[in-house]
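Everything on this sheet refers to the single structure shown next.
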Amino acid sequence: MVDPTGITLHGEVGAGADGGPRGPRPRRRFSRRNIFIYGTLIVVSVYYLLPLYVMIVTSLKGMPEIRLGNIFAPPMEITFQPWVKAWAQACTGLNCDGLSRGFMNSVIITVPSVIISIVIASVNGYALANWRFKGADVFFTILIFGAFIPYQVMLYPMVIILREMGIYGTLGGLVLVHTVFGMPILTLLFRNYFTSIPEELFKAARVDGAGFWTIYFKIMLPMSLPIFVVAMIIQITGIWNDFLFGVVYTRPDTYPMTVQLNNIVNSVQGVKEYNVNMAATLLTGLVPLVIYFISGKLFVRGIAAGAVKG
Amino acid sequence: MEPSISIRNLSLNFGALKVLKNLDLEIGKGEFLVLLGSSGCGKSTLLNCIAGLLDVSDGQIFIGGRNVTWAQPSERGIGMVFQSYALYPQMTIKGNLSFGLKNAGVSRDEIEERVRRAAQVLQIEPLLERKPAALSGGQRQRAAIGRALVRDVDVFLFDEPLSNLDAKLRADLRVEIKQLHQKLHNTMIYVTHDQIEAMTLADRIAIMRGGSIMQLASPNEIYMRPVNKYVAQFIGSPSMNFFQGTIEGRRFMTEGLTMPLDGYEMTGAGAKDGPAWFGIRPEHVASGEAANAMPVTIDATVDLVEPLGSDTLARLEALGQLFWIRMDGQATVEHGDKLTIGFDPARAHLFDEKTEERI
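The listed protein sequences derive, respectively, from chains A and B.
For the first sequence, our numbering gives the first residue as 1, with consecutive numbering after it.
For the second sequence, our numbering gives the first residue as 311, with consecutive numbering after it.
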């Protein structure tokens, strides 16, 4: 069914030499360009994945096998004993209950810090983006300035503030610190996102008689899931991985997981148990890793949404 | 006519920038007023001030006899329609329409009734359960009009409502808005930069430039007697042709042509002699046979032809400059043709060269 102009009619497509799509053929799979791109990618991934591989392999070996020195070799005999020890038995000073105590502390620190900082920052960002109140620009400038001051500068003043408030060394104190220090970057994030939402939507809501909170909850919030996910990921990883504030503002019984990990790995008595150390490190890094895997897609979408008109 | 909205001595400054300058405007009850101007002239700003979305720097705004200068947008008795529709994306159309009523604490039965009525007027009943994303541009803008409609207010504000639509839809919805006004008799203020929308919809047009109103008059008045050169140029497409020259006695003289101004209606005290602009609309220039009957005739050469079907626009060269004329749709002229054209100075527009005010 080929008409005189040579155009194949419907129903005949793909029927041998005179059917199917026409035009220049796509590039071969093994073109020089592809080999170069994929080669680079593979080399770079190996570079990043090798240490992880060594850690996992080592954590599954017994000490005698580690002493043989073949760090790249897979375990001859798989044992989960180091993991158990890292979690429940590793000693730091007098305590011998492993990372488990630090894990609970980290959860108790991270959950409220993340929630409180995101709630406050989102309202901040919304107010800055949509309600241009008097002094908004000054406020915003100060806040942004805060994002660029190194944390070390504020360590000692913060110690005094916490001491005066009577919450130095408590988990509550550390939650406060994390909330305050998360504020500049989170507010910036939310402000930029809310600025990208069309202003007419906000105007329409005002004509419709919605006030500050009604617009926030009914209009803005339902449109901002991606940016909340981004903020959540930034905060969870940031706070979970934090070492500096943890070591400065807490006492041994309230140490977060990272500090606990450091103490286990750096303990000087006895033999260095590499397998336990590797297992402990992997355990500590597991939470942010899981968060990334679960919300990776939303994370990318949120970052992109903020970037387009930010 | 009883004023519905009156704006007194309104000013708005953004820092040192004066966006609106001592503006006075009275809008009658049930009147359809169009604010027309090019971008940056302050027309949308003025509308936002009336809506209460921008705080004014000076002056007063009265709506329905009440001073609302400091009132919240929702307390002003207005409904507003935006260029980008501004429908709440996470709500259904029904949710969009009832959002304002819920905020105002209207009873559920009343909301149901009003939404139903508005949907009926705008023929969007089948769309009520859909989200805005599932609607076409025209349907969205209809829903947005519905949101203003359910509020049961006396004043509607439109901020370039048709600018995001394609040409065909724009013409359709323009007719619908006009019908809506004929049915409801609300006061409507409509911002646009499209002169066709302005001419077709308005009872009166306010032409704005640089934060003040240049001319406030009926579409016909603005077309026939523009107060200055800017307005004359802005209204009409293709725009008015101008010749630079001088007035002497009751004659206008330009290079290569002297014409008597018999029949021209002077503004105010009449013409002072001196440099001036002579303007004539393309549609008031006759060509061919009809030209010979005109008081003034010129020989011209065709430079460019734009056939539109209903009309033919031709750009001619005469008196050392280019100008446009509108001819019959079936006119057969080509580049290089010689043509005699004629016009009646009584239909012309004279403007002072320096002040650009109408003479």
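Every residue, glycine too, gets a C-beta built ideally from N, C-alpha and C.
Just confirm the distance between the C-beta atoms of R514(B) and L526(B), as a whole number of angstroms; I'd bet it's less than 8 Å. 6 Å
Considering Cα atoms alone, identify which of Q489(B), A477(B), A444(B) and D476(B) is closest to I455(B). Q489(B)
Partners in chain A for I388(B), counting only beta-carbon separations shorter than 8 Å: V207
So with Cβ pairs under 8 Å, would you call A204(A) a contact of chain B? yes
Does S384(B) come within less than 8 Å of chain A when only Cβ atoms are used? yes
Along chain B, in chain order, which residues have C-beta atoms closer than 8 Å to that of T214(A)? N413
Start-to-end residues for the alpha helix (DSSP H) that takes in D583(B): Where D583(B) is concerned, there is no enclosing alpha helix (DSSP H), given that its DSSP letter is neither H nor E.
Provide the residue span of the beta strand (DSSP E) that contains T527(B), from first to last. Note that residue 527(B) is Ala in the sequence shown here, rather than Thr. Its beta strand (DSSP E) spans residues S522 to A527.
Is there contact between the stretch 55 to 62 of chain A and the stretch 73 to 91 of chain A, where contact requires at least three CB pairs shorter than 8 Å? yes
Residues in the stretch 208 to 242 of chain A with C-beta within 7 Å of chain B's C-beta atoms, listed in sequence order? D208, G209, A210, T214, I219, P222 and M223
Contact with chain B by P198(A), beta-carbon distance below 8 Å: yes
M158(A) to V177(A) span [Cα, whole Å]: 8 Å
Look at F544(B) and I517(B) and say whether their C-beta atoms are less than 8 Å apart. yes
N105(A) - DSSP class collapsed to helix/strand/coil: helix
Taking the Cβ atom as the reference point for each residue, do S316(B) and E336(B) lie within a distance shorter than 8 Å? yes
Would you kindly work out how many angstroms separate the C-alpha atoms of A603(B) and I373(B), rounded to a whole number? 53 Å
Just how far apart, CA to CA, sit F653(B) and E593(B)? 10 Å
Indicate the three-state DSSP secondary structure (helix, strand or coil) for T170(A) in the structure shown. coil
With DSSP as the reference, label L320(B) as helix, strand or coil. strand
If contact means a Cβ-Cβ distance below 7 Å, which residues of the stretch 334 to 364 of chain B contact chain A? A361 and L363
Residues near G14(A) in its chain [Cβ-Cβ closer than 8 Å; skip 5 each side]: Caution is warranted here: a pLDDT of 45 is assigned to G14(A), below 50, making its placement in the model unreliable, and the coordinate value is therefore given only provisionally. Taken in chain order, the residues that qualify are G20.
Span of the beta strand (DSSP E), counted from its first residue to its last, around K353(B): That residue, K353(B), is in no beta strand (DSSP E); its alpha helix (DSSP H) goes K353 to A361.
Under 8 Å between C-beta atoms, does G410(B) make it to chain A? yes
With 16 as the cutoff for other CB atoms within 10 Å, does K309(A) come out buried or exposed? In this prediction, K309(A) scores a pLDDT of 35, lower than 50, which makes its location untrustworthy; no coordinate-derived value is stated.
By the 7 Å beta-carbon criterion, what residues does the stretch 396 to 409 of chain B contribute toward chain A? A396, Y398, P399, Q400 and F409
With contact counted as at least three CB pairs below 8 Å, one residue from each stretch, are the stretch 271 to 288 of chain A and the stretch 166 to 186 of chain A in contact? no
I need the DSSP call for F468(B), collapsed to helix, strand or coil. strand
Taking Cβ-Cβ distances shorter than 8 Å, what residues in chain A pair up with A392(B)? In the sequence as displayed, the identity of residue 392(B) is Phe instead of Ala. By Cβ distance, chain A contributes E200, K203 and A204.
Measuring only the C-alpha atoms, how far is G98(A) from T254(A)? 14 Å
With a threshold of 16 other CB atoms inside 10 Å of the CB of N406(B), please say whether the residue is buried or exposed. buried
Pick helix, strand or coil for W213(A), following the three-state DSSP scheme. helix
On the DSSP letters alone, give me the boundaries of the alpha helix (DSSP H) that R480(B) sits inside. A477 to L494
Since T497(B) and S314(B) are thought to touch, with beta carbons under 8 Å apart, how far apart are those beta carbons, to the nearest angstrom? 4 Å
Three-pair Cβ contact test at 8 Å for the stretch 418 to 429 of chain B versus the stretch 381 to 398 of chain B: no
Can you give the Cα-Cα distance for A601(B) and H503(B), rounded to whole angstroms? 34 Å
Proximity of G555(B) and A656(B) at Cβ, strictly below 8 Å: no
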